[in-house]
Amino acid sequence: MPVPAKHTVPAGASSPAREPLPGVGDLVTAAEVAYPAPHHYHDGIGAQALEMALAERPAEAPLAIKVRLPFCHHACRFCASQCVSSRSSRQADPYLSRLDREMVLARRRLSGLPPVSRLHWGGAPPAFLSLDQMSDLFDRLDARLGLSGARERDFSIDLDPRETDMLTLRHLQALGFNRLNLGVQELDPRVQQAINRLQPRALTESLVDEADRLGFRELTMSLMLGLPFQTPQGLVDTLEQVIGMVPARIRLYRYRHRPEHHPAQRAIHRDWLPDASTRRQLLAVARARLDAAGYVHIGLGLYTRRNDPLAQAQASGTLGHGPLGFTRGQAGDLLGLGVNATSRIGDLWVRNAGTLAAYESALDNSQLPTARGARLTADERRHRATRETLLCGRGVDPADLPPSPHLERLHAEGLIEMTIEGVSLTAEGHWRLPDILEALALP
Ligand code: SF4
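Next comes the structure, spelled out in structure tokens:
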């Protein structure tokens, strides 16, 4: 994609340029169309910029919190998390102290903060922590930042069914979590064997039943496409079983084989992977089966039931998208805590140190562990807003788009609609977002 001169990499940029986008028929991930993109981040923006941005926030503006945990008991071969493999949850104790320090340093800069009503724990499965450690982390978040107890709060956590027993579920509910993201990936035993993630259907099913009984809402189950030995028929079987568990949301991810970046993937041979034609079929059968089951595609592979708040927000034109994914209304600011966590405060986007050593060392020196960042210019803010508008299913005024000779072609191909409301994506267009962004010269 040609990059106009005004979007060249800032001086001092250290991150690589955006990677080539996936081909037609491949699932697009949020990271691949993220804006700002990796090449916007540079090490000229660090802790001081974040401190100033926090200090300048209006005291009454809501702030979402995401806690990133890096420890894992497992060794899934498809893993791209750069998690630290460990058997003992005690290994997380020093990390939890550093998280507390990070909360204290961030809170010190804020002039005020309404109760936090959006919280997410993710990264490697947070159930690596013992129940006591979870309580301790939750208490510290509450003491330092103030968590909301309102019924409408949105407190979600990523869970690996292999790590989560009924006691853990009840504990999470008692703490205040009300949404679960369950990683399923595939139920085909041959695929599970190849990715070293043996997870019988009964395990997931009993968790879903218990989550339902405990009143967790909007359960999300995630599946991965493009895994070794995955076949369209095997995926259809998996989808039947998952749809039978009636989750509110189903998220499709794409496996990206990048063993040069993710050592765990070196155990996966390239010739085990589905070829491009099979990958296209995998996505096609997933779409067909989810459409037939009455799920609505929100975007980027996220499906919800029709009565889901996100589907309603999409229909009413109030859907937003930010660093925590799709939201009802504007995404707003996010404070990311933990190694490699991303924060967004106004026009400033920053990322924490990506290694435990660098993260801990910054906090031990009483500094926020920000490693690099990006501050959007007025042009970039406009581009970001345009992309978000398209992604969220709303129309963009053609005057807000760079001049493009491709509008008519995209329209003829059924990828965009041109109405009085402006230019918007069709249902098919959502799956071809990279092509459309490129054709519209949206950087
Ligand atoms: S995919 Fe998740 S559960 Fe598996 S090794 Fe990576 S972080 Fe752990």
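If you read the sequence shown in the UniProt record's numbering, its first letter stands for residue 1, the second for the next number, and so on.
Ideal placement from N, C-alpha and C gives every residue a C-beta, glycine not left out.
Bear in mind the structure is a predicted one, so any value in this text is a computation, not a measurement.
- Secondary structure note for Tyr359: it is in no beta strand (DSSP E), and the uninterrupted alpha helix (DSSP H) holding it is 356–364.
- For Tyr303, the enclosing beta strand (DSSP E) starts and ends at 302–304.
- Distance from the C-beta of Pro125 to the nearest heavy atom of ligand 1 is below 6 angstroms.
- Look at Trp349 here: in three-state DSSP terms it is strand.
- The residues Ser89, Ala92, Leu96, in chain order, have a CB closer than 7 angstroms to that of Gln133 in the same chain once the five nearest residues on each side in sequence are set aside.
- A contact is defined here as three or more CB-CB pairs under 8 angstroms, and the region 246–266 fails this definition with respect to the region 99–119.
- In this structure, the C-beta of His430 stays at least 6 angstroms away from each heavy atom of ligand 1.
- Excluding sequence positions up to five before and after Ser81, its CB lies within less than 6 angstroms of the CB of Ala124, all in the same chain and listed in chain order.
- In the DSSP annotation of this structure, the continuous segment of the beta strand (DSSP E) that includes Ile65 starts and ends at 63–69.
- For Gly429, the enclosing alpha helix (DSSP H) starts and ends at 427–430.
- The continuous alpha helix (DSSP H) containing Thr238 extends over residues 232–244.
- In the structure shown, Phe326 adopts extended strand secondary structure according to DSSP, grouped into three states.
- Judged by DSSP secondary structure, Val184 falls within the beta strand (DSSP E) whose first and last residues are 179–185.
- Distance check between Thr342 and each of Pro259, Gln330, Gly329, Gly325 places Gly325 closest, using alpha-carbon atoms only.
- With a threshold of 16 other beta carbon atoms within 10 Å, Arg87 falls short and is exposed.
- Counting only residues of its own chain and dropping the five nearest sequence neighbours on each side, Gly329 has a CB closer than 6 angstroms to the CB of Thr318, Gly320.
- Looking at the DSSP output, Trp272 sits in no beta bridge, so it has no partner there.
- Closest by C-alpha distance to Pro247, out of Asp308, Asn365, Thr220, is Thr220.
- Following the DSSP letters along the chain, one finds Arg256 in no alpha helix (DSSP H), marked with neither H nor E.
- Approximately 15 angstroms separates the beta-carbon atoms of Gln367 and Ala55; this is outside 8 angstroms, ruling out the contact.
- Residue environment analysis places Asn340 among the buried positions, since at least 16 neighbouring C-beta atoms fall within 10 angstroms of its C-beta.
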